[in-house]
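Trainee: Under mature numbering (1 follows the signal peptide of the UniProt record, and there is no 0), read the sequence shown as residues -23 to -1, 1 to 572, first letter to last.
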Amino acid sequence: MIVWPSLTLLTGLGIQTAGLALAARLSEDSAVTVCVLEAGHDNFDEPATMIPSQYGIHFGNPQFDWDFSTIPQPHSNNNVFRWQRGKGLGGTSAMNFSLYMRPPTFDIDAIERLGNPGWNWKRYLQYSKKAETFQQPTPEEVETHQCYINSDYMGKEGPLRIGLPFKVSQCDIITRKTFNNLGVKTQTDPISGVWQPLTSMDRQTGIRSYSVTAYYKVNQSRKNLTVLTRAPARKLILTTADDGFHTSHGVTATSVEFTYGDQVCTVHAHKEVILCAGALKSPQILELSGIGDPKVLQPLGIDVVVDHPGVGSNMQDHKMICSTFELANPGKWETFDGLSDPEYAREQRTLYSSSMQGIHRIGFGTIAFVPLRFVNSEVLDENIASLTAKVQSEMDQGLKEQWALQLEALGRDDIPDCEFITSLRFSPASGHQYEHGKKYMSVFGVLNHPISRGTVHVTSSNPSETPAIDSHYFEHEEDLRMIVEMLKFLRKLPETEPFKSMVETEFTSDLAYASDEDLRERVKDKVSTIWHTAGTCSMLPRERGGVVDPQLKVYGTTNIRVVDLSILPLHVNAHPQATVYSIAEQAADIIKGVI
């Protein structure tokens, strides 16, 4: 048993990206003691983590990855999909693409419009800037990368280092020109258009800048901050009326039960318990503690302490479809395909670690965001009509309000609906086999505003059992129609110069004359997550299915908060790393009483 006698203790559970940022900010007050429990390893100084361009190397490795899977999806031909998630200090920030971008203003203001005062674009920008230091590129880099960021909107003194990658590949320069030729303008200040995304990397050292390096390592000597790794939380110990602690405001978490080695231990929390375990684990911890839907908990023998049907619901996930292209004249192009050779991979890691040279100088690809009208105006009209009917007939008021906002965004040409992103490597998602010695480029179409909503729930009272992830892929036709149209749009790339001259073979060329039904079946079989799950502890009014209030406190409790991507009631049209840090920074000031 571990007992912390401080009367101002805060305990953080499951340290995904937001957790260490929050712990660092809260422990700035020396009168507060912060204890952090993390299920995974610390993974300090691991080359697989510290060199940013090695995304994907962690997948399936239990040192870094929870490696979840969905249950069979009936609307996707009963396929099961793997959902990798970061395991260890820093969570997914230790293994993500390192992409850093802010969503459209509309997406952030929508959070406030759904009943959350203070969660708006003005606050978002304030706290996003607080988290970051923008490393100003040289004029030559700006022109080469074609990334024209207004530095007035970027942070200058935050712990997280962001900036342009060292190098842009010729493949990406050609792809951007091709998007231009297809009518997509180069964006001078993203989010819509085609552009080079920023990356979370320290340009002085060349290493990944993430929640461990930015928030923890520089503060780990604080006497009031304790971080315990390989200590997975089991459940919260809650006091009820019979214990004499129950108040009109709800139950109180007095301690946390966790596993350390082969022992079950307890840490006492005299002030607050804060879940930062991510959209798949935070609801699991709540349900194991008796906070959730009685229909889920009672059959498993879990006593219901707080009746909370919203826990684990409203799950939204960005999903993608892939086209992979074999490149002509392979000796001409720099790609990451050679890293599949262990000897070459070691050589490149050593080269980059010693001199910041080699293949790892290249940043993560090109991104293009466009409205659905640009891709197919007829499908846009179909989706508007069908979603309008859903909004009018939906009885769940919370979902009705979310869909109404999505409908509003769908009808606006200044808000993107479709994302296209490149990767300088072969992708297994293409459904084909990699051939050694050849070089590839993959382009993904990404759906960021899904209509379908999934769930994640416990399947046992045993904390070591993984939860059931039901993504509800394509439960609503609008999602399937949109991804099919993105796949069709990807077919235009090898038909358009200069991309056409760069490509030897397109693995999806067999789809050139395929029927829409054939395309639909391909999407159902080959769609995958892009690892951006949100919404499972939504910040909404309780009567609208909310789990936490605008102070991030779980309804029906006095001292339990959730601070991670699970609180988003409506997903954002961007890779969410910047959003998670902004949430953590704003949460810290809420808890401190600053706002």
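By construction, the Cβ of each residue, glycine as well, lies at the ideal position given by its N, Cα and C atoms.
Mind checking which residues open and close the beta strand (DSSP E) that includes arginine 538?
Mentor: Residue mapping note: residue 538 aligns to position 561 of the sequence shown, counting from 1. Its beta strand (DSSP E) spans residues 537 to 539.
Trainee: Using 8 Å for Cβ pairs, my map puts alanine 561 next to valine 540. What's the rounded Cβ distance?
Mentor: Position 584 of the sequence shown, counted from the first residue, corresponds to residue 561. Position 563 of the sequence shown, counted from the first residue, corresponds to residue 540. So it is a contact: roughly 6 Å between Cβ atoms.
Trainee: So what does DSSP say about glycine 308, is it helix, strand or coil?
Mentor: Your numbering for residue 308 matches position 331 in the sequence shown. Taken through DSSP and simplified to helix, strand or coil, glycine 308 comes out as helix.
Trainee: Please go through the same chain and pick out, in chain order, the residues whose beta-carbon is closer than 6 Å to the beta-carbon of aspartate 566, but skip the five residues on each side of it.
Mentor: Taking the first residue of the sequence shown as 1, we reach residue 566 at position 589. Closer than 6 Å at the Cβ level, and outside the excluded window around aspartate 566, lie Ile572.
Trainee: Where isoleucine 568 and serine 232 are concerned, what is the direct C-alpha to C-alpha distance, given to the nearest angstrom?
Mentor: Along the sequence shown, read from residue 1 onward, the residue named residue 568 stands at position 591. Along the sequence shown, read from residue 1 onward, the residue named residue 232 stands at position 255. For isoleucine 568 and serine 232, the distance between alpha carbons rounds to 19 Å.
Trainee: Which same chain residues end up closer than 6 Å to valine 557 when comparing Cβ atoms and leaving out the 5 residues on each side of it in sequence?
Mentor: The residue given as residue 557 occupies position 580 in the sequence shown. Thr(-7), Ala(-6) and Leu542, listed in sequence order.
Trainee: Among Asp394, Ile279, Ser448 and Gln103, which one has its Cα closest to the Cα of phenylalanine 45?
Mentor: Locating residue 45 in the sequence shown gives position 68, counting from the first residue. When each option's Cα is compared against that of phenylalanine 45, the closest is Ser448.
Trainee: When DSSP builds the beta bridges, which residues end up paired with threonine 216?
Mentor: As a first step, residue 216 must be located in the sequence shown, where it is residue number 239. Looking at the DSSP assignment, threonine 216 forms a beta bridge with Thr229.
Trainee: So glutamate 109 and glycine 135 are supposed to be a Cβ contact under 8 Å. How far apart are they, rounded?
Mentor: For the purposes of this step, residue 109 is identified with residue 132 of the sequence shown, where counting begins at 1. For the purposes of this step, residue 135 is identified with residue 158 of the sequence shown, where counting begins at 1. Yes, glutamate 109 and glycine 135 are in contact; Cβ-Cβ is about 4 Å, under 8 Å.
Trainee: DSSP on threonine 224, reduced to helix/strand/coil?
Mentor: Within the sequence shown, residue 224 is the residue found at index 247, counting from 1. Note that threonine 224 scores 48 on pLDDT, short of 50, meaning its location in the model is unreliable and no value can be drawn from it.
Trainee: Reducing DSSP to helix, strand and coil, say where lysine 64 ends up.
Mentor: Indexing the sequence shown from 1 puts residue 64 at position 87. Reduced to three states, the DSSP call for lysine 64 is coil.
Trainee: Kindly indicate the opening and closing residues of the alpha helix (DSSP H) around valine 524.
Mentor: As a position in the sequence shown, residue 524 is number 547, starting the count at 1. Here valine 524 belongs to no alpha helix (DSSP H), and DSSP marks it neither H nor E.
Trainee: Shorter than 8 Å from the beta carbon of glutamate 117 to some beta carbon of chain D?
Mentor: Reference to chain D is not applicable here, since this structure consists of a single protein chain.
Trainee: Quick check on this structure: which residue in Pro39, Arg153 and Ala87 has the alpha carbon closest to the alpha carbon of methionine 72?
Mentor: Mapped onto the sequence shown, residue 72 falls at position 95. Nearest C-alpha to methionine 72: Pro39.
Trainee: Excluding sequence positions up to five away, which residues of its chain have a Cβ less than 6 Å from the Cβ of alanine 16?
Mentor: As a first step, residue 16 must be located in the sequence shown, where it is residue number 39. Result list for alanine 16: Pro209, in chain order.
Trainee: Once DSSP output is grouped into helix, strand and coil, what is the label at aspartate 495?
Mentor: Start at 1 with the first residue of the sequence shown, and residue 495 comes out as number 518. Of the three classes helix, strand and coil, the one that applies to aspartate 495 here is helix, per DSSP.
Trainee: Just verifying my parser: in three-state terms, what is the DSSP assignment at alanine 445?
Mentor: Taking the first residue of the sequence shown as 1, we reach residue 445 at position 468. Strand at alanine 445.
Trainee: Let me know if histidine 548 comes out buried or exposed under the rule of 16 or more other beta-carbons within 10 Å of its beta-carbon.
Mentor: In the sequence shown, residue 548 corresponds to position 571, counting from 1. Its Cβ being crowded by 16 or more others within 10 Å, histidine 548 is buried.
Trainee: Does the Cβ of glutamate 378 have 16 or more other Cβ atoms within 10 Å, making it buried, or fewer, making it exposed?
Mentor: Within the sequence shown, residue 378 is the residue found at index 401, counting from 1. Its Cβ being crowded by 16 or more others within 10 Å, glutamate 378 is buried.
Trainee: Whole-angstrom Cβ separation of serine 186 and leucine 137, contact assumed at under 8 Å?
Mentor: Sequence index remark: in the sequence shown, residue 186 carries index 209 (1-based). Sequence index remark: in the sequence shown, residue 137 carries index 160 (1-based). Contact flag correct, Cβ pair sits at about 5 Å.
Trainee: Using a Cβ-Cβ cutoff of less than 6 Å, which residues in the same chain neighbour serine 419 once the five nearest sequence positions on both sides are dropped?
Mentor: Within the sequence shown, numbered from 1, the residue matching residue 419 stands at position 442. Once the five neighbours on either side are set aside, the close Cβ partners of serine 419 are Cys299, Thr301, Ser400 and Ser404.
Trainee: Residues bridged to glutamate 109 by DSSP?
Mentor: Counting from one through the sequence shown, the residue named residue 109 turns up at place 132. Glutamate 109 is bridged to Leu137.
Trainee: Please check the pair proline 174 and methionine 78, which I expect to be a contact at CB under 8 Å, by giving their CB distance rounded to whole angstroms.
Mentor: Along the sequence shown, read from residue 1 onward, the residue named residue 174 stands at position 197. Along the sequence shown, read from residue 1 onward, the residue named residue 78 stands at position 101. At roughly 6 Å, the Cβ-Cβ gap stays under 8 Å, so proline 174 and methionine 78 are in contact.
Trainee: Fully enclosed by the stretch 1 to 27, which alpha helix (DSSP H) runs are 4 residues long or longer?
Mentor: 24 to 27
Trainee: Hey, could you find the ends of the beta strand (DSSP E) isoleucine 251 is sitting in?
Mentor: Counted from its first residue, the sequence shown places residue 251 at position 274. 249 to 252 is the extent of the beta strand (DSSP E) around isoleucine 251.
Trainee: Going by Cα to Cα distance, which pick from Pro527, Glu494 and Tyr417 is closest to phenylalanine 484?
Mentor: If you number the sequence shown from 1, residue 484 lands on position 507. Nearest C-alpha to phenylalanine 484 among Pro527, Glu494 and Tyr417: Tyr417.
Trainee: Secondary structure at tyrosine 237, three-state DSSP: helix, strand or coil?
Mentor: Residue numbering aside, residue 237 sits at position 260 when the sequence shown is read from its first letter. If DSSP states are grouped into helix, strand and coil, tyrosine 237 belongs with the strands.
Trainee: Could you say if the stretch 431 to 442 and the stretch 260 to 275 meet the contact criterion of at least three C-beta pairs nearer than 8 Å?
Mentor: yes
Trainee: What did DSSP end up calling arginine 211 once you bin it into helix, strand or coil?
Mentor: Reading the sequence shown from its first residue, position 234 is the one you call residue 211. Three-state DSSP puts arginine 211 in a strand.
Trainee: Can you tell me where the alpha helix (DSSP H) with leucine 205 in it begins and where it stops?
Mentor: In the sequence shown, counting from the first residue as 1, residue 205 sits at position 228. From DSSP, leucine 205 is part of no alpha helix (DSSP H) but of the beta strand (DSSP E) over 202 to 205.
Trainee: With which residues is isoleucine 34 paired in a DSSP beta bridge?
Mentor: As a first step, residue 34 must be located in the sequence shown, where it is residue number 57. Answer is none; isoleucine 34 lacks a bridge partner.
Trainee: Since glycine 95 and proline 527 are thought to touch, with beta carbons under 8 Å apart, how far apart are those beta carbons, to the nearest angstrom?
Mentor: Residue numbering aside, residue 95 sits at position 118 when the sequence shown is read from its first letter. Residue numbering aside, residue 527 sits at position 550 when the sequence shown is read from its first letter. Right, the Cβ-Cβ distance comes to about 6 Å (below 8 Å), so this counts as a contact.
Trainee: How many angstroms separate the CA atom of tyrosine 125 from the CA atom of glutamine 112?
Mentor: Sequence index remark: in the sequence shown, residue 125 carries index 148 (1-based). Sequence index remark: in the sequence shown, residue 112 carries index 135 (1-based). Roughly 13 Å between the two C-alpha positions.
Trainee: Could you say which of Arg521, Val504 and Arg153 lies nearest to glutamine 50 if we only look at CA atoms?
Mentor: Numbered from its first residue, the sequence shown carries residue 50 at position 73. Residue Val504 is the option with its Cα nearest to glutamine 50.
Trainee: Jot down the residue ranges of each uninterrupted alpha helix (DSSP H) in the stretch 399 to 471, minimum 4 residues, whole runs only, in chain order.
Mentor: 454 to 467
Trainee: Is the number of C-beta pairs between the stretch 244 to 252 and the stretch 266 to 278 that are closer than 8 Å three or more?
Mentor: no
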